[in-house]
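Beneath this line is the structure, given in C-alpha cells, with notes to follow.
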C-alpha cells in the first residue's frame, strides 16, 4: 500500500508487474500447468493421508520432487535470461 503514495513506488510496481523477463521465465517453466498439478497432488496427498500411509508417503515424495524441479527451473531460467 505504501507504494501507491509515491511516484517512484508506482513506477517500480508497474515495472515489476509488466516485466517481460519475468513473464518469459514463467512461460518457460510452465508455471500455470505446474501450479495446477501441485495443487492437485497436494489435495490428493492430504486425502490419501486418511486412507493409506504408503500412498500418502509416495504422493508426498512426488510433491517434494516437483517442488525441487520447479525451483531448479526457476533458477536456471533466471540465470539464463
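Residue numbers (my numbering): 1413 to 1493.
Cβ coordinates follow ideal geometry from the N, Cα and C atoms, glycine included.
None of these values were measured; they are calculated from a predicted model.
Endpoints, alpha helix (DSSP H) assigned at residue i
{"i": "residue 1421", "result": "1419 to 1429"}
Three-state secondary structure (DSSP) of residue i
{"i": "residue 1462", "result": "coil"}
{"i": "residue 1361", "result": "The requested residue 1361 is not part of the displayed model; the chain covers only 1413 to 1493."}
Cβ pair count under 8 Å reaching 3, the region 1462 to 1476 against the region 1416 to 1431: no
Report yes or no: do the region 1471 to 1486 and the region 1442 to 1453 share at least 3 C-beta pairs separated by less than 8 Å? yes
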